[in-house]
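First the structure, in the form of C-alpha cells, and then the observations on it.
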Amino acid sequence: MIALLFSSFLSAQEFDILIKGGRLIDAKNAIDKVMDVAVREGKVALVAENISANRAKKVINAKGMYVAPGLIDIHSHNFFGTEPNAYLSNSFTALPPDGFSFRSGVTTLVDVGGAGWRNFRIFKEQTIDRSKTRVLSFLNIVGSGMKGGAIEQNIDDMNPKLTAMVAKQFPEHIVGVKLAHYSGFDWTPTERAVEAGKIANIPIMIDFGGSQPELSLETLFMEKLRPGDIFTHAYAHVNGRTPIVNEKGEVEDFAWAAQKRGIIFDVGHGGGSFLFEQAIPAMKQGFKPNSISTDFHTGSMNGGMKDIINVMSKFLNMDMSVNEVITKATWNPAKIIKREDIGHLSVGTVADITILNLREGDFGFIDTKGKRMKGNKKLECELTIRDGKVVYDLNGLAAESWDK
Ligand SMILES: [Zn+2]
Numbered sequence: 159m160i161a162l163l164f165s166s167f168l169s170a171q172e173f174d175i176l177i178k179g180g181r182l183i184d185a186k187n188a189i190d191k192v193m194d195v196a197v198r199e200g201k202v203a204l205v206a207e208n209i210s211a212n213r214a215k216k217v218i219n220a221k222g223m224y225v226a227p228g229l230i231d232i233h234s235h236n237f238f239g240t241e242p243n244a245y246l247s248n249s250f251t252a253l254p255p256d257g258f259s260f261r262s263g264v265t266t267l268v269d270v271g272g273a274g275w276r277n278f279r280i281f282k283e284q285t286i287d288r289s290k291t292r293v294l295s296f297l298n299i300v301g302s303g304m305k306g307g308a309i310e311q312n313i314d315d316m317n318p319k320l321t322a323m324v325a326k327q328f329p330e331h332i333v334g335v336k337l338a339h340y341s342g343f344d345w346t347p348t349e350r351a352v353e354a355g356k357i358a359n360i361p362i363m364i365d366f367g368g369s370q371p372e373l374s375l376e377t378l379f380m381e382k383l384r385p386g387d388i389f390t391h392a393y394a395h396v397n398g399r400t401p402i403v404n405e406k407g408e409v410e411d412f413a414w415a416a417q418k419r420g421i422i423f424d425v426g427h428g429g430g431s432f433l434f435e436q437a438i439p440a441m442k443q444g445f446k447p448n449s450i451s452t453d454f455h456t457g458s459m460n461g462g463m464k465d466i467i468n469v470m471s472k473f474l475n476m477d478m479s480v481n482e483v484i485t486k487a488t489w490n491p492a493k494i495i496k497r498e499d500i501g502h503l504s505v506g507t508v509a510d511i512t513i514l515n516l517r518e519g520d521f522g523f524i525d526t527k528g529k530r531m532k533g534n535k536k537l538e539c540e541l542t543i544r545d546g547k548v549v550y551d552l553n554g555l556a557a558e559s560w561d562k
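Residues in the sequence shown are numbered from 159 upward in steps of one, following the working numbering.
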C-alpha cells in the first residue's frame with residue numbers, strides 16, 4: 159500500500175522544474191506568448207499553455223517576466239591563464255566563464271580567437287573541460303592565438319591547413335575561425351582565414367584591424383567574405399577602418415548590400431568598438447545587427463559594455479523589441495555558428511533557460527567613447543538554468559522560504 163502511494167506520488171511529479179506564467183520568447187518555434195515550460199532530466203519536457211503545478215517537484219513563478227532560451231554570446235574571451243604578456247590567449251585579460259556567464263543569462267560563450275591551432279588543447283583542458291558554461295571556440299588563424307603585438311601580425315604563423323585540421327578534430331567545440339587586429343595594407347590574412355573556413359566548412363569572424371591607407375570594406379564584404387561570415391565590431395569607428403555610417407550620417411550602400419548578401423553584422427561591443435554616433439543613426443535607418451554580443455574581457459566589462467544584458471538593453475532603448483533583442487542573442491547566433499541544437503526550447507532539447515525581468519525607470523548607457531544615452535527600459539537576469547539545473551537565481555525564485 160505504501161509502495162503504491164509512493165509510486166503514484168512520484169509519477170504525479172514527473173517534472174523536475176516547471177516555469178509558470180512567463181512570456182516565452184522562442185524565435186525558432188515562433189512563440190511569443192505566455193507559456194509554461196517543464197524540465198525533466200536536463201531536457202525541455204513540455205511547453206504548453208497551462209501545465210499543472212502538481213506535476214513538478216519545483217515550480218518557478220515567472221509571471222510578468224520573459225522566459226527565453228539560454229543566451230549565446232558569440233564574441234567573448236575566456237582563455238584565461240597566467241602567461242605574462244599574452245593578452246587574450248592563456249593570460250590575465252581573458253575571463254573564466256562561470257564567474258560571469260550565468261549571472262547575465264548566458265549559457266553558451268564563444269571564445270573568438272583566444273586559441274590558435276598550436277594551443278587549442280591547453281584552452282580545452284584549462285577552460286572548456288572545467289566550465290559549466292558551454293564554451294565554444296573560433297580558432298585564431300594565427301597558430302599561437304591572440305597574444306597581442308607582433309605575434310598577431312605574423313603572416314607566417316597563419317596556416318589555413320593546420321587551422322582547419324584542428325578545427326575538424328574538435329567539431330563539438332570549434333565552430334569558426336577568427337582573424338583579428340591585423341594592421342597592414344594586405345589581404346593575405348583575410349584570405350588565409352577564409353581558406354581555413356572553407357576547408358573546415360565553418361564561418362569566419364573578422365575584426366578588421368586597420369591600415370593606412372584603409373583597406374576597402376566594400377571589397378571585404380562583397381568579394382572576400384562568404385555569405386555567413388561574420389563582421390564583428392559593426393558599430394566601431396577606429397583609426398584605419400572605415401565605419402559603416404559615413405560622415406553624412408548615412409549607412410553606406412555597401413553595408414546594406416553586404417547584409418543582403420548574407421554577411422553577418424555582429425555587435426562585439428568591447429572596450430573600444432561601440433559608438434552611439436554609429437549605432438543610433440544606423441538603427442534609425444533600420445540597419446540592425448544580426449547578432450548581439452559582448453567582446454567580453456577585463457578591458458570591456460567595467461566600461462560601457464558591462465554584460466550582454468546591458469548591451470541588449472541599449473538596443474531596446476534604440477527601439478528594438480524585447481523579442482528582437484532576445485532573438486539576436488539566442489536563435490540568431492545559434493544559426494550563425496551552425497549549432498541549431500541550441501538557442502531554442504523545443505521539446506527534447508537541452509534545458510538551457512534564462513528568465514529575464516524588464517525594468518522601467520531612468521537609466522543611462524555608456525558607449526566606448528564614454529558618451530551617454532538615456533533610456534527608460536532595462537533588462538535584468540532573474541534566473542538561469544543550465545542543463546536542467548538552476549545555476550543563478552537573483553531573487554530566490556526557485557528557492558524555498560527559510561522558515562519552511
Ligand atoms: Zn574580441
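All C-beta atoms in this analysis are idealised placements derived from N, C-alpha and C, irrespective of residue type, glycine included.
Only a predicted model underlies this, so the values are computations on that prediction, with no experimental measurement involved.
State yes or no: is the C-beta of residue i nearer than 7 Å to some heavy atom of ligand 1?
{"i": "residue 499", "result": "no"}
{"i": "residue 270", "result": "yes"}
{"i": "residue 427", "result": "no"}
{"i": "residue 453", "result": "yes"}
{"i": "residue 564", "result": "Lying before the first or after the last residue shown, residue 564 is absent from the chain, which here runs from 159 to 562."}
{"i": "residue 174", "result": "no"}
{"i": "residue 365", "result": "yes"}
Starting from the C-beta of residue i, find all residues in its chain whose C-beta is less than 7 Å away, skip the five residues before and the five after it, and write them out in chain order.
{"i": "residue 284", "result": "239"}
{"i": "residue 318", "result": "350, 353, 354, 357"}
{"i": "residue 437", "result": "393, 476"}
{"i": "residue 483", "result": "450, 470, 473, 474"}
{"i": "residue 322", "result": "354, 357, 358"}
{"i": "residue 460", "result": "none"}
{"i": "residue 290", "result": "256, 544, 549"}
{"i": "residue 518", "result": "534, 535"}
Take residue i and list the residues in its own chain whose beta-carbon comes closer than 8 Å to its own, dropping the five residues that flank it on each side.
{"i": "residue 207", "result": "192, 193, 194"}
{"i": "residue 269", "result": "234, 235, 236, 237, 252, 281, 285, 293, 294, 295, 296"}
{"i": "residue 199", "result": "174, 546"}
Since residue i and residue j should fall inside the 8 Å C-beta cutoff, what is the C-beta to C-beta distance between them, to a whole number of angstroms?
{"i": "residue 422", "j": "residue 448", "result": "5 Å"}
{"i": "residue 264", "j": "residue 229", "result": "5 Å"}
{"i": "residue 361", "j": "residue 388", "result": "6 Å"}
{"i": "residue 348", "j": "residue 372", "result": "Going by Cβ atoms, the distance from residue 348 to residue 372 rounds to 14 Å, so no, they are not a contact pair."}
{"i": "residue 526", "j": "residue 462", "result": "6 Å"}
{"i": "residue 197", "j": "residue 505", "result": "About 11 Å; that fails the 8 Å criterion."}
{"i": "residue 186", "j": "residue 501", "result": "7 Å"}
{"i": "residue 420", "j": "residue 386", "result": "6 Å"}
{"i": "residue 443", "j": "residue 398", "result": "Contact doesn't hold; Cβ gap of about 25 Å is too wide."}
Could you tell me the distance, in whole angstroms, from the CA atom of residue i to the CA atom of residue j?
{"i": "residue 524", "j": "residue 392", "result": "17 Å"}
{"i": "residue 376", "j": "residue 405", "result": "16 Å"}
{"i": "residue 121", "j": "residue 227", "result": "In the structure as shown, the chain starts at 159 and stops at 562, and residue 121 therefore has no counterpart that could be examined."}
{"i": "residue 532", "j": "residue 435", "result": "14 Å"}
{"i": "residue 396", "j": "residue 339", "result": "12 Å"}
{"i": "residue 553", "j": "residue 418", "result": "43 Å"}
{"i": "residue 257", "j": "residue 529", "result": "28 Å"}
{"i": "residue 498", "j": "residue 224", "result": "22 Å"}
{"i": "residue 551", "j": "residue 427", "result": "26 Å"}
{"i": "residue 277", "j": "residue 521", "result": "42 Å"}
{"i": "residue 493", "j": "residue 560", "result": "42 Å"}
{"i": "residue 172", "j": "residue 217", "result": "12 Å"}
{"i": "residue 241", "j": "residue 412", "result": "41 Å"}
{"i": "residue 382", "j": "residue 250", "result": "33 Å"}
{"i": "residue 142", "j": "residue 542", "result": "No answer is possible for residue 142: it lies beyond the span of the chain, which begins at 159 and ends at 562."}
{"i": "residue 557", "j": "residue 288", "result": "26 Å"}
{"i": "residue 165", "j": "residue 213", "result": "Annotation note: pLDDT 49 at residue 165 (below 50); position unreliable, coordinate value reported separately. Cα to Cα, the separation comes out at about 13 Å."}
{"i": "residue 379", "j": "residue 452", "result": "22 Å"}
{"i": "residue 416", "j": "residue 409", "result": "12 Å"}
Tell me which residues share the same chain as residue i and place their Cβ nearer than 6 Å to its Cβ, disregarding the 5 neighbours each side in the sequence.
{"i": "residue 468", "result": "none"}
{"i": "residue 262", "result": "465, 466, 467, 539"}
{"i": "residue 430", "result": "526"}
{"i": "residue 336", "result": "270, 271, 296, 298, 363"}
{"i": "residue 181", "result": "192, 224"}
{"i": "residue 456", "result": "251"}
{"i": "residue 458", "result": "428, 429"}
Extract the residue ranges of the beta strand (DSSP E) inside the stretch 436–524, only unbroken runs of 3 or more that lie entirely within it. Runs of the beta strand (DSSP E) lying entirely within the stretch 436–524, each at least 3 residues long, are 511–524 in chain order.
Which runs of the beta strand (DSSP E), 3 residues or longer, sit entirely within the stretch 313–359? 332–338, all fully within the stretch 313–359.
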